[in-house]
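In the working numbering, the protein residues as written are 11 to 347. Quick reminder that beta carbons are idealized off the backbone N, C-alpha and C, glycines included. Given the structure is predicted, the values throughout are model-derived calculations rather than measurements. Each remark here refers to the structure printed beneath this line.
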Ligand code: TRP
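What follows is the structure in structure tokens.
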């Protein structure tokens, strides 16, 4: 009896050993090769709007360029639809999903990931003010688990464009969301640049998209033009801004190409796809094992002018040739009704 039990145990041991060795040698894999485990990346996007969607496309392109295509990388992608409780829940899901690196697209998404995770590397995608958002203390030497790519708004260039395209504008309304840490610092920077150039700035913060229509109504009665920072709340409901400005017809200067296409007049903007692409490449470095704390935050501040020729025509604005030759010229996009 005793011997038989021993024999069974030994047999089981050798069978298991055989399976183990077999797996090592790839005997049991259908392709005849041992399959290396795929890397796992969790992505949380704050909300859907065309700029963030474009950034995500850039991220995927950047990852692919660094050899993290579909066959090497599993991406668990979640979208929080600008809902704080969803963001919290989804951050938890991404942590529990076994992802080795987390990536947030837009400030509130990264903040939510950082609050939920204590030990996973986190990549910031398109965070305008990483220090103000309390995500890193020293962007040159992040030190901790968070690094990434930041989009800086080219405020000085935007002010120059406002002055050149609409020289009669004296008062500019700054329309932004009170809930986004990324917008506060942009408004302060814009205000400084605008005041230096002799413009007066009237701030109008909105708590959510529900108040947008009314806020634009109030603002149009006080100012000559409206400027919008790189703000997710406004970007996700920009058609409301355009509609509420229908009778006043003020020039709108929003800080993203997609908002210019959706009915803004003009802006100087950071290339969203390239921003995403750089983020994807940095994510690849961390997936390969580099510590986020050793990678300095990368800043995108180079702006390119973009102009909606259709809106310019409606407002009776003649575009100076020197602006026209450098700018990307767009017309109303399909979604801009
Ligand atoms: N920079 C924004 C943030 O920090 C996110 C963002 C990127 C964005 N591109 C945009 C917002 C375009 C509005 C429009 O959250």
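With respect to the 8 Å criterion, residue 183 and residue 233 are classified as neighbours on the basis of their beta carbons. If you look at residue 161, you'll find it isn't in any alpha helix (DSSP H); it sits in the beta strand (DSSP E) that goes 156-161. Those residues whose C-beta sits under 5 Å from the nearest heavy atom of the ligand TRP are, from N- to C-terminal order along the chain, 61, 116, 117, 136, 137, 138, 161, 192, 240, 242, 245, 266. Inter-residue distance for residue 254 and residue 265 is about 18 Å (C-alpha atoms, whole angstroms). The Cβ neighbour count for residue 287, taken over all protein chains shown within 10 Å, is at least 16; the residue is labelled buried. Between residue 162 and residue 145, the C-beta gap is not smaller than 8 Å, which leaves the two residues out of contact. Put simply, the backbone Cα of residue 138 is about 28 Å away from that of residue 49. Assignment of residue 107 by DSSP, reduced to helix, strand and coil, places it in the coil class. Here the C-alpha atom of residue 200 lies approximately 16 Å from the C-alpha atom of residue 190. For the options 219, 256, 214, 297, the alpha carbon positioned closest to that of residue 244 is the one of 219. Residue 228 and residue 204 have their C-alpha atoms roughly 21 Å apart.
In the three-state DSSP reduction, residue 337 falls in the coil class, being neither helix nor strand.
Per DSSP, residue 65 lies in no beta strand (DSSP E) segment; the continuous alpha helix (DSSP H) that holds it begins and ends at 60-75. Between the segment 164-175 and the segment 322-342, the count of C-beta pairs closer than 8 Å reaches three or more; the two stretches touch.
Here the alpha carbons of residue 198 and residue 261 stand approximately 21 Å from one another. Listed in chain order, the non-local C-beta contacts of residue 68 below 6 Å within the same chain comprise 283, 286, 287, local neighbours out to five positions each way being set aside. Runs of the alpha helix (DSSP H) lying entirely within the segment 158-207, each at least 4 residues long, are 165-175, 191-206 in chain order. Out of 124, 170, 239, the CA that lies nearest to the CA of residue 115 is found in 124.
One thing to note: residue 97 has its Cβ within 8 Å of the Cβ of residue 119. The beta-carbon distance between residue 143 and residue 246, rounded to whole angstroms, is 18 Å. This is too long to meet the 8 Å contact definition. Spanning the alpha carbons of residue 99 and residue 258 requires a straight line of approximately 42 Å. For the set 153, 230, 240, 151, the Cα lying nearest the Cα of residue 187 is the one of 240. Note on geometry: alpha-carbon atoms of residue 216 and residue 250 lie some 13 Å from one another. Under the DSSP assignment, residue 262 falls in the beta strand (DSSP E) whose first and last residues are 262-264. Secondary structure note for residue 311: it is in no alpha helix (DSSP H), with a DSSP letter that is neither H nor E. Residue state for residue 145 is assigned as coil, using DSSP reduced to three classes.
Beta-bridge analysis with DSSP links residue 112 to 52, 132.
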